[in-house]
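Numbering (this note's numbering), first residue to last: 557 to 989.
One structure below.
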Amino acid sequence: MSHSSRRGVLKLTAGLALGGAFALTGCGRSDDAAAGSGTAAPVDASPATGTVTVWAAQGDADALDKVIKPFRTANPEVTVKVTLIPNAEYYTKLQSAIAAGKGPDVAQFFPESQSQFLDPAILRPVPDGLVDKSDFFESLWAAGVAGNVAYTVPWYAYTYALVYRADLAKKAGVKAPATWDETVPFLKALQGAGAGHGLGADIGWDIFNGQDAAMYAWQAGGSLLSSGGKWTLDSPAMVDALRYNASFFTSGTADTSGPTFLDAQPYFVSGKTAMMITGPWVVGQLDTAAKKEGWTAAHVATAPLPAGASGSTSFSAGGSWGVLAGDGDADASWKLVRYLAKPSTQVAQFKAYSSLPAVISAWDDPAIADQPLLDAFLTQLKNTRAFPQVSTWQQVATRLGKEMEAVAKGKESAAKAAANVQAYAVSLGTGAK
């Protein structure tokens with residue numbers, strides 16, 4: 557997969573909205589408000605006509621013109637104009653265009669960082685009957701819902717799982733850890749089989765670490781927001797999460813000095829590390845990192861994340877589509893979005909760019925089903941939660957990452973770090989209406 561700078565892309569898409577051209581008020585919602593549906597008029601089956609302008613971020617959308625070619629053929633009276641924008645500029649350009657009343661008809665969003673756009677003044681509600689929300693991974697659909705109204709339709713999906721050196725695990729006689737308690741012993745066994753460190757941990761101490769802590773807190777039975785929309789970051793579950801993350805470093809199975817993000821794969825293929833907690837794009841990149849075709853198949857395995865007291869839970873992320881409010885051609889726009897949500901279209905997108913489908917049934921296609929290293933990611937995507945759909949989550953997650961560093965380096969207790977994050981989050985609020 558060619559997501560060579562995915563972490564940088566994610567950092568930008570997750571954080572840029574904070575410094576956008578104008579402030580968008582996020583709509584608070586609790587985790588159980590995911591049932592939303594649209595209120596717009598149904599979209600019929602007649603051919604689309606008119607012109608649809610589409611904005612998307614470079615990356616997964618690079619293959620969009622190729623993927624929608626059948627849509628153009630089936631709808632000869634429609635013109636689709638796709639504009640690709642560099643990831644580093646995408647949300648700021650989109651926000652500026654919306655503020656000026658010059659936005660596109662259809663825009664790409666990112667489920668992990670789209671909450672500030674979920675507003676009827678910005679996006680049209682998804683029309684009733686356009687798609688069946690049960691076709692998608694539940695948390696991806698939930699990430700587009702605010703005030704019980706759905707504003708986006710999922711396009712591609714990813715989550716985190718374990719990617720580890722199967723050859724070293726076999727040499728050590730150990731299986732992938734199924735629980736938190738088994739994780740450090742597994743990593744030590746990989747070291748005993750020759751790895752420098754068991755885990756190539758993320759040492760950016762930024763929003764991505766904060767996302768990891770959220771994931772671990774869910775695994776420990778916690779939540780980030782109460783049902784009433786209040787921050788709950790100083791819970792026993794968050795304290796457990798911070799201790800769990802720190803245990804990788806204090807046990808000597810991970811190193812606070814590296815690898816950096818760009819070094820993660822070279823370290824892994826060389827044996828300096830032997831496990832990563834990462835996304836599915838890595839699977840397609842390791843042969844390149846190893847400079848040897850077939851290296852991955854011979855050396856690598858994947859597994860769902862180890863379960864905490866409340867099970868194995870990860871976060872959902874990916875790409876989604878929304879239709880902007882305004883004077884654009886909503887009928888043709890929604891017909892394009894409906895096409896992009898079809899299982900066959902999402903399989904075509906996978907074949908063109910390796911973007912994994914947000915539609916569950918598309919994973920049955922042999923192009924995906926016959927790749928065993930992706931199985932763990934499918935299992936994990938069925939056990940995911942959406943990050944809080946509030947406008948301040950990115951700032952809170954970034955602060956959480958900094959607090960995780962202090963705990964991992966023994967400069968702060970987990971309880972103190974959780975209290976610090978809670979105080980910071982309360983001072984920010986949620987941006988909820």
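Beta carbons are placed, not taken as given, at the ideal position from N, Cα and C, and that holds for glycine.
Predicted model only: the values in this text are computed from it and were never measured.
Span separating the alpha-carbon of residue i from that of residue j
{"i": "G874", "j": "G966", "result": "34 angstroms"}
{"i": "P733", "j": "L861", "result": "8 angstroms"}
{"i": "D811", "j": "A751", "result": "13 angstroms"}
{"i": "N765", "j": "P632", "result": "47 angstroms"}
{"i": "A979", "j": "T852", "result": "44 angstroms"}
{"i": "G729", "j": "Q936", "result": "25 angstroms"}
{"i": "A525", "j": "P683", "result": "With the chain covering 557 to 989 only, the question about residue 525 has no answer from this structure."}
{"i": "D887", "j": "I624", "result": "17 angstroms"}
{"i": "Q927", "j": "L912", "result": "12 angstroms"}
{"i": "R585", "j": "A845", "result": "Confidence at R585 is low in this model, with a pLDDT of 32, below 50, so the placement of that residue should be treated as unreliable; the coordinate-derived value is given next. Going from the Cα of R585 to the Cα of A845 covers about 42 angstroms."}
{"i": "T639", "j": "D883", "result": "19 angstroms"}
{"i": "S652", "j": "T869", "result": "36 angstroms"}
{"i": "A619", "j": "W877", "result": "15 angstroms"}
{"i": "V740", "j": "L929", "result": "23 angstroms"}
{"i": "K731", "j": "Q747", "result": "14 angstroms"}
{"i": "M831", "j": "A854", "result": "15 angstroms"}
{"i": "S969", "j": "T986", "result": "26 angstroms"}
{"i": "K786", "j": "Y909", "result": "39 angstroms"}
{"i": "L956", "j": "P603", "result": "49 angstroms"}
{"i": "F906", "j": "A717", "result": "19 angstroms"}
{"i": "Q767", "j": "A793", "result": "15 angstroms"}
{"i": "K848", "j": "Y823", "result": "15 angstroms"}
{"i": "D921", "j": "S695", "result": "22 angstroms"}
{"i": "Y714", "j": "T834", "result": "10 angstroms"}
{"i": "S826", "j": "R799", "result": "29 angstroms"}
{"i": "A857", "j": "F742", "result": "14 angstroms"}
{"i": "E738", "j": "A962", "result": "24 angstroms"}
{"i": "A546", "j": "A964", "result": "In the structure displayed, the chain extends from 557 to 989; residue 546 sits before or after that span and is not available."}
{"i": "G778", "j": "Y646", "result": "33 angstroms"}
{"i": "Q945", "j": "W697", "result": "12 angstroms"}
Rounded distance between the beta-carbons of residue j and residue i, thought under 8 angstroms
{"i": "A918", "j": "Q902", "result": "5 angstroms"}
{"i": "A797", "j": "Y772", "result": "3 angstroms"}
{"i": "D688", "j": "L880", "result": "Going by Cβ atoms, the distance from D688 to L880 rounds to 23 angstroms, so no, they are not a contact pair."}
{"i": "T816", "j": "S872", "result": "Not confirmed; about 26 angstroms, so no contact."}
{"i": "T612", "j": "Q664", "result": "Checking the displayed sequence, the identity of residue 612 turns out to be Ala instead of Thr. Their Cβ separation, rounded to whole angstroms, is 4 angstroms, which keeps A612 and Q664 in contact under 8 angstroms."}
{"i": "I916", "j": "F693", "result": "6 angstroms"}
{"i": "S866", "j": "Q775", "result": "6 angstroms"}
Buried/exposed call for residue i, threshold 16 Cβ in 10 Å
{"i": "S813", "result": "exposed"}
{"i": "E959", "result": "buried"}
{"i": "D600", "result": "exposed"}
{"i": "N643", "result": "buried"}
{"i": "E668", "result": "buried"}
{"i": "S690", "result": "exposed"}
{"i": "D588", "result": "Low confidence applies here, because D588 scores a pLDDT of 37, under 50, leaving its location unreliable and the question unanswered by this model."}
{"i": "P836", "result": "buried"}
{"i": "A981", "result": "buried"}
{"i": "L755", "result": "buried"}
{"i": "L780", "result": "buried"}
{"i": "K649", "result": "buried"}
{"i": "T948", "result": "buried"}
{"i": "S791", "result": "buried"}
{"i": "S889", "result": "buried"}
{"i": "G784", "result": "exposed"}
{"i": "L818", "result": "exposed"}
{"i": "A859", "result": "buried"}
{"i": "A923", "result": "exposed"}
{"i": "G685", "result": "exposed"}
{"i": "A677", "result": "exposed"}
{"i": "G615", "result": "buried"}
{"i": "K658", "result": "exposed"}
{"i": "T735", "result": "exposed"}
The alpha helix (DSSP H) enclosing residue i, as first and last residue numbers
{"i": "L929", "result": "Taken as a continuous stretch (DSSP letters only), L929 belongs to no alpha helix (DSSP H), as it is neither H nor E."}
{"i": "L628", "result": "First, the residue type needs correcting, since residue 628 is Arg and not Leu in the sequence shown. First-last of the alpha helix (DSSP H) with R628: K625 to A630."}
{"i": "Q664", "result": "Per DSSP, Q664 belongs to no alpha helix (DSSP H); it is in the beta strand (DSSP E), V662 to F665."}
{"i": "S900", "result": "P899 to Y909"}
{"i": "T607", "result": "Looking at the DSSP string, T607 is not in any alpha helix (DSSP H); the run it does join, the beta strand (DSSP E), is G606 to A613."}
{"i": "I654", "result": "Y646 to A655"}
{"i": "T739", "result": "W736 to G748"}
Beta strand (DSSP E) segment containing residue i, residue limits
{"i": "W774", "result": "Per DSSP, W774 belongs to no beta strand (DSSP E); it is in the alpha helix (DSSP H), I763 to Q775."}
{"i": "W890", "result": "From DSSP, W890 is part of no beta strand (DSSP E) but of the alpha helix (DSSP H) over A886 to L896."}
{"i": "W787", "result": "Element bounds for W787: n/a, residue is neither H nor E."}
{"i": "G878", "result": "A873 to V879"}
{"i": "T635", "result": "V634 to I641"}
Checklist entry - Which runs of the alpha helix (DSSP H) spanning at least 4 residues fall entirely within the segment 912-969, listed in chain order? => result 922-925, 931-937 and 949-964
Next on the checklist: My parser needs the beta strand (DSSP E) runs of 3 or more residues fully inside the segment 677-721; what are they?
Outcome noted: 709-714 and 717-721
Next on the checklist: Suppose only complete runs of 3+ residues qualify. What are the beta strand (DSSP E) ranges in the segment 790-865, listed by chain order?
Outcome noted: 831-834 and 856-859
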